[in-house]
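K.L.:
I am attaching a structure below and will ask some questions about it afterwards.
Residue numbers (the numbering used here), protein chains in the order written: chain R, 591 to 1005; chain Y, 591 to 1005.
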């Protein structure tokens, strides 16, 4: 008998029919002899409805304490509906708000971090044979205020509960079947991965893959929670997130991530001096703009170029700031381009095998795609290309690295 | 400076515009120098929406614990919206769930009674100059479960808070202007009462007047909370509920209540014996049918008739049971009539002045209305008449007892 934490997202409990379906999956889990703790999101659309009420009522900066009270009701409704659906079928269940489950967060009403979970209420329910249904996305602070974890926080609730309860597995039921080698909408040959390492998952989440929220991935890494992503709509094994210690063999490249959500800015011919990057990027950060990739290229002893990417929603604002910076620092000028795309290869195999970057550049070059920026980490290579080459580039790389092959492990790492 | 508890019902907070309006009334109360604790219901329609979700999900007997979790969210949304609306206008406010306000109820998830309120969270907010906005209709049991008080329970919350805080006045804002001498839809001349005694209010609530829930009236009597019913839509003094000790002068009749919600059953020619009423009504009660008026009429030494009224929704069921009872007891037969109406005169003045009943019978007789049953209490006379005479009877009585006169107190009690 295992202890499983199962999390069902908003679309998984998006209608009364769907709630019945989720109840059925939970009953099957119990009938297979497992203990189960369930975490639910609000029914899809409900959080948006509640936020809409708030935004129609108060022009700006609604009181964060009260904001959290309003939106926390979405999960309360879905958890109690699911609990009564289970109980009505003879499987006693009991719902828990964040406060009732004693999920304590920092004293900050929105985007609060979980500090600790007192597990005795949940453990007692399990001992009594009752299925605990816990509201995702919410907690309680030390003053008894209702807090929320920020959007997507139900994953975080599930991971934190699994860690606190030392669960055998945390199962994230969602509307995708698992983690794919690339987005199947762009690469029809994309293959679902049976497993992926935590570090790869973290890179993929950072790169904008929508399977798991970045914060919950960080949390599973901290507590080494075995986590599986599954579809609540189709049966299947999903994708298991493993840790380096247990994964014996790694493919060179596990997956390809990409996004169109960034824009590129360059400052050209800046008189070089110590700390020049900070002088350029400081005003950008002061404007509350997050910078992603940064590449500095020294032209000669006196001058340097510096390029970076920002979220496309901050593009115009960043251009205005950078023009001012260029004037102040006596640069030759700036250039900017919003029509770019980022393509990233992710794989822990890169650690032990060189040549992945070289092959990536060759594949893109053969496809006639110019690379504008390159950034690498231990298990990731990202390049910026013209937005119009995104699909072409991703498909070429997917094929070249053999990601469509059933057993990616058999791919020859020596290329 | 007074401490007021103000309760706003579902229609009073039924839209975002209405919430703004309520916030304005609260701000005026503060600007008039009063401390105020606010109790809110769910936005009108919201509780029905939530109950609809439950009823669509689970065929019958939904888990009462989870039922209360779902419906309690209605008040959470309205309280937090109202709090953020006040805070946004520079009047700091803070919302409180039943658990946060420490409104402890018996360990029963639905229709729970309030056992005690720990007032320190609310008192501390008042000391800090923060307006507490408390969810009506909900509490918490000794295990930390969310409980609900039953429909209309927001009035009870307000009264219990006013009693616990020793408030100067409990103000129930609703969609009527106050308590009337009769329903203005039936009697256009009906006049709003500036005050009414607690006992009269209790009789009126029992008789189905929809101004206040019966349980909250009982509660104000227990704690002698000065309570005022006002309209949240129009300015006005409303109706103040007073206690005998403070009310100097009473009208003979304060108001006329009526309903069409009962049916009459009679068992005829039952062989009389000790305890015969219990033998007749026992099976009715065992069928979960509440009996209202009961009149026994001994025909001769051997036989007796007994008539009683039940809720019209139980009529068919009661007829079936009574037919069986008649057979068992060897009665001559039964008769029944669903098309009846009950008209009641209520007034503490009846205590000290005789002749009210006599005058009531005369007025109805003059109007050609036969009386089928009569029941009296110290401050109330109820009669059952044919349903078709309801409006005629009520209007005749309203005029005859001078209830349309501006100063009812000047009406000559000697008739």
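Think of the CB as a built atom: it goes at the ideal place given N, C-alpha and C, for glycine as much as any other residue.
When you compare the CB of residue 643 of chain Y with every CB in chain R, is at least one pair closer than 8 angstroms?
P.N.:
Answer yes: the Cβ-Cβ gap between residue 643 of chain Y and chain R drops below 8 angstroms somewhere.
K.L.:
What's the gap between the Cα of residue 726 of chain Y and the Cα of residue 785 of chain Y?
P.N.:
Approximately 25 angstroms, taken between the alpha carbons.
K.L.:
Within a Cβ cutoff of 8 angstroms, which residues of the same chain sit near residue 832 of chain R, ignoring the five residues on either side of it in sequence?
P.N.:
Cβ within range, chain order: 785, 786, 787, 788 and 816.
K.L.:
Kindly indicate the opening and closing residues of the alpha helix (DSSP H) around residue 988 of chain Y.
P.N.:
That run of the alpha helix (DSSP H) goes 980-990.
K.L.:
Taking the CB atoms as reference points, tell me whether residue 953 of chain R and residue 971 of chain R lie closer together than 8 angstroms.
P.N.:
Their beta carbons are not under 8 angstroms apart, which means residue 953 of chain R does not touch residue 971 of chain R by this criterion.
K.L.:
Threshold first: 4 residues or longer. Then list the alpha helix (DSSP H) segments lying entirely within the segment 769-852 of chain Y, N to C.
P.N.:
Counting whole runs of 4 or more residues, the segment 769-852 of chain Y contains the alpha helix (DSSP H) stretches 788-796 and 804-813.
K.L.:
Spell out a yes or no on whether the segment 756-765 of chain Y and the segment 666-674 of chain Y are touching, meaning 3 or more CB-CB pairs, one atom from each, closer than 8 angstroms.
P.N.:
The segment 756-765 of chain Y, when compared against the segment 666-674 of chain Y, does not touch it at the 8 angstroms Cβ threshold.
K.L.:
Quick check on residue 889 of chain R: buried or exposed, where buried means 16 or more other Cβ atoms within 10 Å of its Cβ?
P.N.:
Exposed, by the Cβ-count rule.
K.L.:
Please report how far the alpha carbon of residue 615 of chain R lies from the alpha carbon of residue 623 of chain Y, in whole angstroms.
P.N.:
The straight-line gap from Cα to Cα measures roughly 58 angstroms.
K.L.:
From this set, R/605, R/915 and R/827, which residue's C-alpha is nearest residue 769 of chain R's C-alpha?
P.N.:
For the residues R/605, R/915 and R/827, the minimum Cα distance to residue 769 of chain R belongs to R/827.
K.L.:
Verify the CB distance criterion: does residue 760 of chain Y have a CB-CB separation below 8 angstroms to chain R?
P.N.:
By this cut-off, residue 760 of chain Y is not an interface position.
K.L.:
Would you please verify whether the beta carbon of residue 652 of chain Y is less than 8 angstroms from any beta carbon of chain R?
P.N.:
Yes - at least one Cβ of chain R is within 8 angstroms of the one on residue 652 of chain Y.
K.L.:
With a cut-off of 8 angstroms, do at least 3 Cβ pairs link the segment 986-997 of chain R to the segment 591-606 of chain Y?
P.N.:
Not touching, per the Cβ criterion.
K.L.:
Give me the subset of the segment 665-677 of chain Y whose CB atoms are less than 7 angstroms from a CB atom of chain R, sorted by chain position.
P.N.:
Cβ contacts with chain R come from 666, 667, 670, 671, 673, 674, 675 and 677.
K.L.:
Any C-beta of chain Y within less than 7 angstroms: which residues of the segment 686-716 of chain R qualify?
P.N.:
So the close ones are 690.
K.L.:
Tell me which residues of the segment 728-742 of chain R have at least one Cβ-Cβ distance to chain Y shorter than 7 angstroms, keeping chain order.
P.N.:
Result list: 734.
K.L.:
How about residue 744 of chain Y and residue 599 of chain Y: are their beta carbons less than 8 angstroms apart?
P.N.:
It is a contact, given that the beta carbons lie within the stated cut-off.
K.L.:
Leaving aside the five residues before and after residue 703 of chain R along the sequence, list all residues of the same chain whose C-beta is less than 7 angstroms from its C-beta, in chain order.
P.N.:
For residue 703 of chain R, where only same-chain residues beyond five positions count, the Cβ hits under 7 angstroms are 695 and 696.
K.L.:
Out of Y/759, Y/611, Y/820 and Y/963, state which residue places its alpha-carbon closest to the alpha-carbon of residue 951 of chain Y.
P.N.:
Of Y/759, Y/611, Y/820 and Y/963, the residue nearest in Cα terms is Y/963.
K.L.:
Spell out a yes or no on whether the segment 907-921 of chain R and the segment 864-873 of chain R are touching, meaning 3 or more CB-CB pairs, one atom from each, closer than 8 angstroms.
P.N.:
Contact between the segment 907-921 of chain R and the segment 864-873 of chain R is present, because at least three Cβ pairs lie under 8 angstroms.
K.L.:
Which runs of the alpha helix (DSSP H), 4 residues or longer, sit entirely within the segment 616-675 of chain Y?
P.N.:
Taking only runs of at least 4 residues, the alpha helix (DSSP H) segments lying wholly in the segment 616-675 of chain Y are 636-647.
K.L.:
Tell me which residue opens and which closes the alpha helix (DSSP H) that residue 910 of chain R is part of.
P.N.:
Per DSSP, residue 910 of chain R belongs to the alpha helix (DSSP H) from 905-919.
K.L.:
Is the CB-CB distance between residue 974 of chain Y and residue 932 of chain Y below 8 angstroms?
P.N.:
Going by C-beta atoms, residue 974 of chain Y is nearer than 8 angstroms to residue 932 of chain Y.
K.L.:
I want to verify the contact list: residues of chain Y whose CB lies under 7 angstroms from the CB of residue 663 of chain R, in sequence order.
P.N.:
Correct list: 663, 666 and 667.
K.L.:
Could you compute how far the alpha carbon of residue 851 of chain R sits from the alpha carbon of residue 648 of chain R?
P.N.:
If I take the Cα positions, the gap works out to 30 angstroms.
K.L.:
Roughly how many whole angstroms lie between the Cα atoms of residue 837 of chain R and residue 676 of chain R?
P.N.:
Annotation note: pLDDT 45 at residue 837 of chain R (below 50); position unreliable, coordinate value reported separately. Roughly 37 angstroms between the two C-alpha positions.
K.L.:
Jot down the residue ranges of each uninterrupted alpha helix (DSSP H) in the segment 928-977 of chain Y, minimum 4 residues, whole runs only, in chain order.
P.N.:
Correct list: 946-956.
K.L.:
How big is the Cα-Cα spacing for residue 663 of chain Y and residue 636 of chain Y?
P.N.:
Taking the straight line from one Cα to the other gives about 9 angstroms.
K.L.:
Taking its Cβ as the centre, do 16 or more other Cβ atoms sit within 10 Å of residue 806 of chain R, making it buried, or is it exposed?
P.N.:
Burial call: buried.
K.L.:
So, is the C-beta of residue 836 of chain Y closer than 8 angstroms to a C-beta in chain R?
P.N.:
Note that residue 836 of chain Y has pLDDT 47, beneath the 50 cutoff, so the model's placement of it is unreliable and no number is given.
K.L.:
Look up residue 895 of chain Y in the DSSP assignment and give the residues it is bridged to.
P.N.:
Residue 895 of chain Y is bridged to Y/887.
K.L.:
Alpha carbon to alpha carbon, how far is residue 937 of chain Y from residue 879 of chain Y?
P.N.:
Taking the straight line joining both Cα atoms gives about 29 angstroms.
K.L.:
Does residue 639 of chain Y have its Cβ less than 8 angstroms from a Cβ in chain R?
P.N.:
No - not a single Cβ of chain R is within 8 angstroms of the one on residue 639 of chain Y.
K.L.:
Taking Cβ to Cβ, would you say residue 755 of chain Y is nearer than 8 angstroms to residue 712 of chain Y?
P.N.:
A contact, by the Cβ cut-off of 8 angstroms.
K.L.:
Is the segment 745-754 of chain R in contact with the segment 676-689 of chain Y, if contact means three or more CB pairs nearer than 8 angstroms?
P.N.:
They do not touch, by the three-pair rule.
K.L.:
Check the Cβ of residue 646 of chain Y against every Cβ in chain R and list those closer than 7 angstroms, keeping chain order.
P.N.:
Within 7 angstroms Cβ-Cβ: 606.
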